[in-house]
Amino acid sequence: MDCTQNYMANIKRFSYLLFLAVVFLNASAYAESSDSYSQYGNGGKKLTSASKMSRKDWNDPEELERVWQASLVRIPSDKDEYIQSTIAEITSAPLKLNKKFPTVIYLHGCSGMWPGTIRRLNLLAKNGFAVIAPPSFAREKYPQSCDPSRHVGSMYRGVIRIRLNDAGNTIAQAKQLPWVDENNVFLMGFSEGAITTARFYSKNKNRAVNARVVEGWTCNAGWQEYKGVRAPKGEPVLALVGSRDPWFQNSYNKGDCTSFLNRKNGSKSVVYKKGKLSNQHDLLEDERVQKIVIDFLQQRIK
147 MDCTQNYMAN IKRFSYLLFL AVVFLNASAY AESSDSYSQY GNGGKKLTSA
197 SKMSRKDWND PEELERVWQA SLVRIPSDKD EYIQSTIAEI TSAPLKLNKK
247 FPTVIYLHGC SGMWPGTIRR LNLLAKNGFA VIAPPSFARE KYPQSCDPSR
297 HVGSMYRGVI RIRLNDAGNT IAQAKQLPWV DENNVFLMGF SEGAITTARF
347 YSKNKNRAVN ARVVEGWTCN AGWQEYKGVR APKGEPVLAL VGSRDPWFQN
397 SYNKGDCTSF LNRKNGSKSV VYKKGKLSNQ HDLLEDERVQ KIVIDFLQQR
447 IK
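Residues in the sequence shown are numbered consecutively from 147, following our numbering.
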């Protein structure tokens, strides 16, 4: 190797090391504290009485913006590493990324953010997906919709409208970000977030998604606005549920999503009828379920 070749090789090595250093600094600068999500849940927020909620609150622009700014973010960086931040932090000091990522909009359950939320965001990021998770609890006015200690939901019927509005706004806003591949956006939710994922519908192309993942929901409900799947005909849906999920043993919500899915477009209903998973609500804590979800999403990247 002559001097010129040696010089160029050193330049390339230096450039690569500099790139890794920038990624590391970005990850450090944008890392949210470990308890930054704890305020977005039943235990960390003063909830609004249902009697003080109105329909105007559901789609209030200021409330939508609060949720957007508070959204948790993951962006893949190098190998299994990722940048963790919030929309507010990233937009105030924009990241310089030369790549767009397939992006998952992740919707939390009825009790808000919990350690399992973080595990799901990190799992997706480690597998090459950027993630944006809007915390509906960031709203100034937000009602209690469930009591996890008793497996009781449906405490505020209008909460599904709130969640649907937050989901649509997040999808539209996400597609404007320079590091989001607007042609590869997915919707995924757990529990109440899964209901929202199943029921989301918009004629606006800026709010369209490639596919959906529904974790911990049966698609059966006594209220029509909670029942079924509203994905467009060509959009695949992966639905996951345990047959003895303790949240869904009533006559009106027992069952699974199978009959609501279009099998011709690649949609799939996974119902666990035996073993531990049959009694489990948070199915993605299991590595086998994680593989099913990651494979489903990766196969739908355009």
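A virtual CB, placed ideally from N, CA and C, is assigned to each residue, including glycine.
Every alpha helix (DSSP H) stretch that sits fully inside the segment 272-329 and reaches 4 residues is listed by chain position as 305-320. In terms of CA proximity to I341, Y372 leads the group A320, Y372 and N408. A contact is defined here as three or more CB-CB pairs under 8 Å, and the segment 220-228 fails this definition with respect to the segment 295-305. Per DSSP, reduced to three states, the secondary structure at V355 is coil, with no helix or strand assignment.
Within the same chain, and ignoring the five residues on either side of P382 in sequence, the residues whose Cβ sits closer than 7 Å to its Cβ are A357, N411, G412, S413 and R446. Between the alpha carbons of P240 and Q319 lies a distance of about 15 Å. S217 sits away from P261, with the two beta carbons spaced by 8 Å or more.
Under the DSSP assignment, G339 falls in the alpha helix (DSSP H) whose first and last residues are E338 to R345. Note that the C-beta distance between A276 and V326 is below 8 Å.
When A284, M259, E286 and T249 are compared, the shortest CA-CA separation from K272 is found for T249. Cβ contact annotation for R307 (same chain, cutoff 6 Å, sequence separation greater than five): W204, in chain order. For L423, there is no enclosing beta strand (DSSP E), since its DSSP letter is neither H nor E.
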